[in-house]
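One structure below.
In UniProt numbering, the protein residues as written are 1 to 479.
Written out as structure tokens, the structure reads:
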């Protein structure tokens, strides 16, 4: 069956900034046209918001593809181009929301009788846009205060960009001797690099050879789960938790600045300001919800920790290492995964054997089969020969066309970017590359979704490590 929409183009590093300039120019042109042809007395949804909607529909796919490259591109040059493009867009966005004349048009359109006749989506769009301007200080601050407020917002955005860039490019880790890594499976050790200065040590000194264990790519999890030495687990945990020290002052500065900005707009906190854009409308509701969760879940958590603590103390006594009575009064956080594994072993849970039943490629496609049966969908794999460098950002990305089996209709594309690689963004996320819309009776744009994970697996033909199961399978503790 023919596909009604080709795979979108993935821009190269040298095309990203020009593409962003083009996108910004489209927005600037339509905003200028609206301001030149509309006054508060004539402002309506149709002549203020709808032109913006049409531009957003036209450029959102290209804009989202550029944004996606911060997560998936293996090229530092591409990521650098994205950073530059993002700065351009943030600067343009700040100028747009600084425009008081446009705010007056939005206010006027909201107050017109025609607003009540709009459909729910159109009402929401106008009110969302109006709220964006109010959060920028319009209708609350004077002209001088408004300029200063918006300047501080730009400074916060730059701090946030620096924070995220540090997070994305973190490449730290810890050097351990093979003796310190006793218990860690050989396939994990094989992934980690040797110290060049010690590559020629004799067999007698083999245990003194060192491995660099990265915080990323499952390194921390492997050590915390398998290393027999409590000192090794403790060191790995503490080093991992103090990585990115340069982000600590950034984080504290961002928090202070956000709180100050919220107070300028007469909000008690940054959370109170941001929650207006959410379904839940008060911070009090969130606090009460969290209190109820804490009351319900904490007793279960304490019970699970008690099981792990008993197993830990038994292990320390068996190793003749239980010399400090205070050791029984607390449960160190770096011990959790190791003793979870030992407790699971008592229930005859063998993590490595379980992994053998979950080869990544088959597991991922079978999960799609579950979604297909539940949602009446069909996922057709796009042949690898069609996934050229102009339509995917890495040769390990898999793409599926998605079909509605009831209507035999095309739904969109799904991208799988599941494998670990250098320079890839840490963590798991779904990224909307393009939303669905129908610009005319004879033409449509279909949705594109990218599923991105931080699996420590580097090849499709490998099994899923047990610690990565939570990406695909809900956790189910055996005790």
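For each residue, glycine too, the CB sits at the ideal point set by N, CA and C. Source: prediction; values computed, not measured.
The alpha-carbon of residue 229 is positioned some 19 Å away from that of residue 190. A straight line joining the alpha-carbon of residue 102 with that of residue 188 spans about 57 Å. A direct Cα-Cα distance of roughly 51 Å separates residue 364 from residue 113. Around the beta-carbon of residue 136, 16 or more other beta-carbon atoms lie within 10 Å, marking it buried.
Looking from the CA of residue 148, the closest CA among 130, 19, 46 and 257 belongs to 257. Going by C-alpha positions, residue 13 is about 55 Å away from residue 329.
Going by C-alpha positions, residue 342 is about 8 Å away from residue 311.
Within the segment 267 to 340, complete alpha helix (DSSP H) segments of at least 4 residues are found at 270 to 274 and 283 to 318, given in chain order. A check of alpha carbon separations from residue 88 across 176, 77 and 66 identifies 66 as the nearest. Below 8 Å, too few C-beta pairs join the segment 247 to 254 and the segment 207 to 221 to call them touching: fewer than three. In terms of CA proximity to residue 418, 217 leads the group 217, 161 and 240. Each residue's CA atom was taken as its position, placing residue 96 and residue 35 some 12 Å apart. The beta carbon of residue 195 sits closer than 6 Å to the beta carbons of 210 from its chain, once the five residues preceding and following it are set aside; these are given in chain order. Non-local beta-carbon contacts of residue 406 in its own chain, meaning distances under 8 Å to residues more than five positions away in sequence, involve 376 in chain order. With contacts defined as CB atoms closer than 8 Å, residue 411 and residue 399 fail to qualify as a contacting pair. Per DSSP, residue 423 is not a residue of any beta strand (DSSP E), being assigned neither H nor E. The way I'd put it, the segment 159 to 178 doesn't touch the segment 124 to 132; fewer than three beta-carbon pairs between them come closer than 8 Å. C-alpha of residue 139 to C-alpha of residue 21: approximately 30 Å in a straight line. Between residue 391 and residue 10, the CB-CB gap stays under 8 Å. Residue 225 is positioned such that its CB atom lies no closer than 8 Å to that of residue 240.
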